[in-house]
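Going left to right, the sequence shown walks through residues 740 to 827 as the working numbering numbers them.
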Amino acid sequence: MSNGVLSTYAATGSYVMVNYYRASGGSLTARLGHERNGTNSWWAYENMSTVPRHYSQQRSLTASCSVIIGKLYTSSGATYATPPVDPC
């Protein structure tokens, strides 16, 4: 990912925050999400064309020590992922 940084924060297996700092680039419609136990969960698509800007989503999860992977999925079909995060 050449024009931004995608990161994931997970707290004690019960909370996840996925962040995308976009430093440059043109028009972009994308959605943030995360993978846990092989299942993807996505937030709604949003316009991420404003730069520089920090885009972020968060949600509560059922407590678990399963690793979490943050994701960014673009409307053109590209998927970017963070390294797995161990919430425990």
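Where a beta carbon is used, it is the ideal one built from N, C-alpha and C, also for glycine.
Euclidean distance between Cα positions of residue i and residue j
i, j, result
"Tyr812", "Ala802", "25 angstroms"
"Thr751", "Pro826", "5 angstroms"
"Ser753", "Gly764", "33 angstroms"
"Ser815", "Tyr784", "12 angstroms"
"Tyr759", "Arg792", "8 angstroms"
Other residues of its chain near residue i: CB distance less than 7 angstroms, five sequence neighbours each side excluded
i, result
"Arg798", "Val755"
"Thr821", "Leu745, Ser746, Thr747, Ile808 and Gly809"
"Asn834", "Outside the displayed range of the chain (740 to 827) lies residue 834, so it cannot be described from this structure."
8 angstroms Cβ cutoff met for residue i and residue j
i, j, result
"Arg775", "Ser805", "yes"
"Arg770", "Val790", "no"
"Leu767", "Met787", "yes"
Beta-carbon contacts of residue i that lie in its chain and below 6 angstroms, excluding the five residues immediately before and after
i, result
"Tyr748", "Met756"
"Ser795", "Asn758"
Chain-order list of residues whose beta-carbon lies under 8 angstroms from that of residue i (same chain, five-residue window excluded)
i, result
"His773", "Thr747, Val755, Val757, Asn779, Ser780, Ile807, Ile808, Gly809 and Lys810"
Spatially closest choice to residue i from the options, by CA coordinates
i, options, result
"Pro823", "Ala817, Gly777 and Ser795", "Gly777"
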